[in-house]
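*Asks:*
Residue numbers (the numbering used here): 58 to 344.
(1) For residue 79, which residues does DSSP report across the bridge?
(2) So, helix, strand or coil for residue 182, using DSSP?
(3) Give the single residue among 210, 271, 66 whose Cα lies nearest to the Cα of residue 188.
(4) Considering just the uninterrupted stretch of the alpha helix (DSSP H) at residue 300, what are its terminal residues?
(5) My assumption, with CB atoms under 8 Å, is that residue 88 sits in contact with residue 79. Please give the rounded CB distance.
(6) Please work out which residues of its chain come closer than 6 Å, Cβ to Cβ, to residue 207, disregarding the five sequence neighbours upstream and downstream, and give them in chain order.
(7) If you check the beta carbons only, do residue 381 and residue 178 fall under 7 Å apart?
(8) What are the complete beta strand (DSSP E) segments, minimum 3 residues, inside the segment 269-303?
(9) Can you list, in chain order, the residues of its chain with a C-beta nearer than 8 Å to that of residue 239? Leave out the 5 residues immediately preceding and following it.
(10) Indicate whether residue 340 and residue 306 have their beta-carbon atoms separated by less than 7 Å.
(11) Output the boundary residues of the alpha helix (DSSP H) element that contains residue 235.
(12) Quick check on the DSSP output: the beta strand (DSSP E) that includes residue 158 runs from which residue to which?
(13) Report the rounded CA-to-CA distance for residue 111 versus residue 123, giving the unit in angstroms.
(14) What number of angstroms, rounded off, separates the C-alpha of residue 142 from the C-alpha of residue 63?
(15) In whole angstroms, give me the CA-to-CA distance for residue 157 and residue 174.
(16) Please list, in chain order, all residues of the same chain as residue 192 whose beta carbon is under 7 Å from its beta carbon, the five residues on each side excluded.
(17) For residue 146 and chain C, any beta-carbon pair shorter than 7 Å?
(18) Going by DSSP in three states, residue 99 sits in which element: helix, strand or coil?
(19) When you compare only the Cα positions, how much space is there between residue 186 and residue 159?
(20) How many Å lie between residue 308 and residue 302 at the Cα?
(21) What residues match up with residue 199 in a beta bridge as DSSP calls it?
(22) If we ignore side chains and look at the alpha-carbon of each, how far apart do residue 30 and residue 272 end up?
(23) Could you compute how far the alpha carbon of residue 105 sits from the alpha carbon of residue 337?
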């Protein structure tokens, strides 16, 4: 497991009963997590004394019960990187802190490349990876279909003091963008993708990860440079094994460029128990 252990502003304090107790800077939140199928050993005062508790609705979705005065949004840091945090109606906060394990890895790769590196970040959300890559010195193209998320990413890059870095923010359908880049002849040294389990395109196209990921990965092969540095695939789709990502990268990147593949779970340390919380999977190809 790749565990994001370097956080100071974020912490999984405790877990149990389908929920996790988290500290985001000075703000403590209680949120559901489908991986936590073990019981809560004891609901201490700490579990009750939270700023916000997200309750799932039996009819789907859910809502926040804010128990203490909480800013609409606040800032946390991961080393030199800074991010706006805001509880959203979908239980998320605008950041997946386990991804810090990937940020550190890609920053090392970019800094160690000894040449200019261009990065394409697809399904790029609020730009954690974009901010990390820009900080490390890469030029970045950030693509997401949600206008609000692209704006949030832009603010995170500015917040981290990187407003002058070569980052392009594009609100677009990711598949159509890749197709246009193919026609334009644009190439990238590194591609990051964090595809959803399920989604719909602007014209009703259906994305189902199990059916669409490999063809999409193949299409990305046509926009990778002759000297690729890395390819990173993240997945939060339950039931997909890290070996699936390893196999796909072997059949595409490794077959054409050699290099190394690593794959596994990605997670966060749990302070109270000393265990690790699984949060998703990753597959990495590197030169």
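Think of the CB as a built atom: it goes at the ideal place given N, C-alpha and C, for glycine as much as any other residue.
Quick caveat: nothing in here was measured; it's all calculated off a predicted structure.
*Replies:* Based on what the coordinates show:
(1) Residue mapping note: residue 79 aligns to position 22 of the chain shown, counting from 1. Bridge partners of residue 79: 69, 86.
(2) As a working mapping, residue 182 is identified with position 125 in the chain shown. Coil, per DSSP.
(3) Numbered from 1 along the chain shown, position 131 holds the residue referred to as residue 188. The option with the nearest alpha carbon to residue 188 is 210.
(4) Within the chain shown, residue 300 is the residue found at index 243, counting from 1. Taken as a continuous stretch (DSSP letters only), the alpha helix (DSSP H) holding residue 300 covers 299-306.
(5) Here residue 88 is taken as the residue at index 31 of the chain shown, counted from 1. Here residue 79 is taken as the residue at index 22 of the chain shown, counted from 1. Their Cβ separation, rounded to whole angstroms, is 7 Å, which keeps residue 88 and residue 79 in contact under 8 Å.
(6) For this step, residue 207 is matched to residue 150 along the chain shown. So the qualifying residues of the chain are 201, 226, 228.
(7) Past the edges of the chain, shown from 58 to 344, lies residue 381, and the structure says nothing about it.
(8) 287-292
(9) Start at 1 with the first residue of the chain shown, and residue 239 comes out as number 182. Counting only Cβ-Cβ distances below 8 Å, and skipping sequence neighbours, we find 276, 279, 280.
(10) If you number the chain shown from 1, residue 340 lands on position 283. If you number the chain shown from 1, residue 306 lands on position 249. In contact: residue 340 and residue 306 (Cβ atoms closer than 7 Å).
(11) Position 178 of the chain shown, counted from the first residue, corresponds to residue 235. It spans 231-241 - the alpha helix (DSSP H) in which residue 235 sits, taken as one unbroken run.
(12) Position 101 of the chain shown holds residue 158. Where residue 158 is concerned, there is no enclosing beta strand (DSSP E), although the alpha helix (DSSP H) it sits in stretches over 157-169.
(13) Numbered from its first residue, the chain shown carries residue 111 at position 54. Numbered from its first residue, the chain shown carries residue 123 at position 66. If you take the alpha carbons of residue 111 and residue 123, they lie about 8 Å apart.
(14) Translated into positions along the chain shown, residue 142 becomes position 85. Translated into positions along the chain shown, residue 63 becomes position 6. Straight across, the Cα-Cα distance linking residue 142 with residue 63 is about 18 Å.
(15) For the purposes of this step, residue 157 is identified with residue 100 of the chain shown, where counting begins at 1. For the purposes of this step, residue 174 is identified with residue 117 of the chain shown, where counting begins at 1. Those two C-alpha atoms are separated by around 20 Å.
(16) As a first step, residue 192 must be located in the chain shown, where it is residue number 135. Closer than 7 Å at the Cβ level, and outside the excluded window around residue 192, lie 137, 138, 164, 217, 219.
(17) Note that chain C does not occur in the displayed structure, where there is just one protein chain.
(18) Reading the chain shown from its first residue, position 42 is the one you call residue 99. In this structure, DSSP gives residue 99 a state outside helix and strand, which the three-state scheme calls coil.
(19) Counting from 1 along the chain shown, the entry for residue 186 is found at position 129. Counting from 1 along the chain shown, the entry for residue 159 is found at position 102. Looking at the two C-alpha atoms, the distance is approximately 8 Å.
(20) Counting from one through the chain shown, the residue named residue 308 turns up at place 251. Counting from one through the chain shown, the residue named residue 302 turns up at place 245. Each residue's Cα considered, the two are about 10 Å apart.
(21) If you number the chain shown from 1, residue 199 lands on position 142. Paired residue(s): 178, 226.
(22) The structure shown does not extend to residue 30, since the chain spans only 58 to 344, so no value can be given for it.
(23) Within the chain shown, numbered from 1, the residue matching residue 105 stands at position 48. Within the chain shown, numbered from 1, the residue matching residue 337 stands at position 280. The straight-line gap from Cα to Cα measures roughly 27 Å.
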